[in-house]
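**Student:** Quick note: to get the numbering used here, add 355 to the position in the sequence shown (first position is 1).
Before we start, here is the structure in question, set down as structure tokens.
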Amino acid sequence: MNVLNTVAEFRAARAGVPEPLGLVPTMGALHEGHISLARRARAECATVAMSVFVNPSQFGPREDLSRYPRPIERDLQMAREAGVDVVFHPSVEEMYPAGHSTWVEMEGPAKRWEGEHRPGHFRGVATVVAKLFTIIAPQREYFGEKDFQQLAVIRRLAADLMLPVDVIGCPTVREPDGLALSSRNVYLTPEERPLAVALHNALQAGRRRIGRGEREAETVRRVMEQVLLDTPGFTVDYVAVVDPGSLEPLKRIEGPARGLIAARIGSVRLIDNMSLAE
356 MNVLNTVAEF RAARAGVPEP LGLVPTMGAL HEGHISLARR ARAECATVAM SVFVNPSQFG
416 PREDLSRYPR PIERDLQMAR EAGVDVVFHP SVEEMYPAGH STWVEMEGPA KRWEGEHRPG
476 HFRGVATVVA KLFTIIAPQR EYFGEKDFQQ LAVIRRLAAD LMLPVDVIGC PTVREPDGLA
536 LSSRNVYLTP EERPLAVALH NALQAGRRRI GRGEREAETV RRVMEQVLLD TPGFTVDYVA
596 VVDPGSLEPL KRIEGPARGL IAARIGSVRL IDNMSLAE
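Encoded structure:
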């Protein structure tokens with residue numbers, strides 16, 4: 356497995372590699388969710404690339420950039436074991452050289468939810484994903500559905516900029532109790548960890564309510580929110596029932612619906628989502 360740190364190195368190595376090339380973009384601190392993406396890419400692509408880059412432009416001023424975990428040696432070992440062929444691990448200075456002043460601004464699916472609660476977040480996401488595409492030139496990019504809004508934003512980005520890449524969403528990987536795997540789960544205290552499953556429980560409660568015939572989206576939303584409010588230590592950023600394509604909130608559930616949740620327990624902000632109706 357090659358580990359490359361500069362754009363020039365990667366572009367030189369990119370020439371002539373077997374195609375299709377699949378890219379798994381990550382910020383490191385790998386877990387089984389990331390590895391499931393790498394395995395999917397390995398099964399479908401001749402060459403698998405992974406980026407490991409903690410992107411400062413998608414963190415807000417009060418967010419956890421400085422303490423975000425960076426276990427690079429462990430990450431490289433996990434990538435190697437998953438069959439990754441090449442890892443792109445650039446510095447911040449390599450990705451944002453002096454004088455950098457170009458950003459990708461998005462509306463549409465980027466406006467609500469995380470876009471409202473984390474101003475500038477999707478500008479950073481869209482910009483770095485566009486950079487990775489131009490550097491790595493993959494035919495396929497693999498993203499987890501755990502960050503469902505991010506997946507929708509990147510699909511919109513690829514469509515709007517006419518990028519020749521297939522954006523492939525892969526199912527959320529969960530702990531046995533249902534907690535979605537996240538690099539930020541390491542911040543949970545032993546007391547908070549069993550409570551964190553409330554996000555999954557809330558989504559399941561909404562799905563069950565629809566299964567029993569409820570069609571008013573606001574009723575379903577309140578059912579999910581109440582699960583969080585009844586769990587000690589939680590504060591809610593948002594609970595939403597949305598159209599899975601546009602991410603706009605639904606009034607009536609007459610077709611596919613997605614539940615989105617963001618909430619905090621202690622100092623840890625968690626997000627989760629689930630298909631509530633097909």
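No residue lacks a Cβ here, since even glycine has one placed at the ideal position from N, Cα and C.
Keep in mind that this is a model prediction, so the values were computed, not measured.
(1) Rank 466, 407, 493 by C-alpha distance to the C-alpha of residue 378 and give the top, closest one.
(2) Run through DSSP, which three-state label would residue 558 get?
(3) Using a Cβ distance threshold of 8 angstroms, determine whether the region 496 to 505 contacts the region 376 to 396, with at least three qualifying pairs required.
(4) Note the first and the last residue of the continuous alpha helix (DSSP H) segment covering residue 478.
(5) Terminal residues of the continuous alpha helix (DSSP H) containing residue 391?
(6) For the region 559 to 604, which segments carrying the alpha helix (DSSP H) assignment without a break, of at least 4 residues, lie completely within its bounds, in sequence order?
(7) Would you call the CB atoms of residue 406 and residue 445 closer than 9 angstroms?
(8) Check each candidate in 629, 363, 622 and name the one with the smallest Cα separation from residue 589.
(9) Near residue 562, which residues of its chain fall below 6 angstroms by C-beta distance, leaving aside the five closest residues on each side in sequence?
(10) From the DSSP output, in three-state form, read off residue 411 for me.
(11) For the region 535 to 553 against the region 504 to 516, do three or more pairs of beta-carbon atoms, one drawn from each stretch, fall closer than 8 angstroms, so that the two count as touching?
(12) Can you check which of these residues, 481, 457, 525, 585, is closest to residue 497 by C-alpha distance?
(13) Can you tell me which of 467, 373, 575, 480 puts its alpha carbon nearest to the alpha carbon of residue 460?
(14) Under a Cβ-count criterion, where at least 16 other Cβ atoms within 10 Å of its own Cβ denotes burial, should residue 340 be classed as buried or exposed?
(15) Which residue marks the beginning of the alpha helix (DSSP H) containing residue 427, and which one marks its end?
(16) Rounded to a whole number of angstroms, what is the C-alpha to C-alpha distance between residue 439 and residue 393?
(17) Alpha carbon to alpha carbon, what distance is there between residue 616 and residue 574?
(18) On the CB-based measure, 16 or more other CB atoms within 10 Å of its CB, does residue 432 come out buried or exposed?
(19) Which of the three DSSP states is assigned to residue 610 in this structure?
(20) Report buried or exposed for residue 469, applying the criterion of at least 16 other Cβ atoms within 10 angstroms of its Cβ.
(21) Assuming contact is defined by CB atoms lying nearer than 9 angstroms, are residue 571 and residue 607 in contact in what I supplied?
(22) From 417, 414, 375, pick the residue whose C-alpha is nearest to that of residue 401; which is it?
**Tutor:** Reading from the atomic positions:
(1) 493
(2) helix
(3) yes
(4) 476 to 491
(5) 387 to 399
(6) 572 to 584
(7) yes
(8) 622
(9) 631
(10) helix
(11) no
(12) 525
(13) 480
(14) The structure shown does not extend to residue 340, since the chain is modelled only from 356 to 633, so the question has no answer here.
(15) 427 to 436
(16) 7 angstroms
(17) 15 angstroms
(18) exposed
(19) coil
(20) buried
(21) yes
(22) 375
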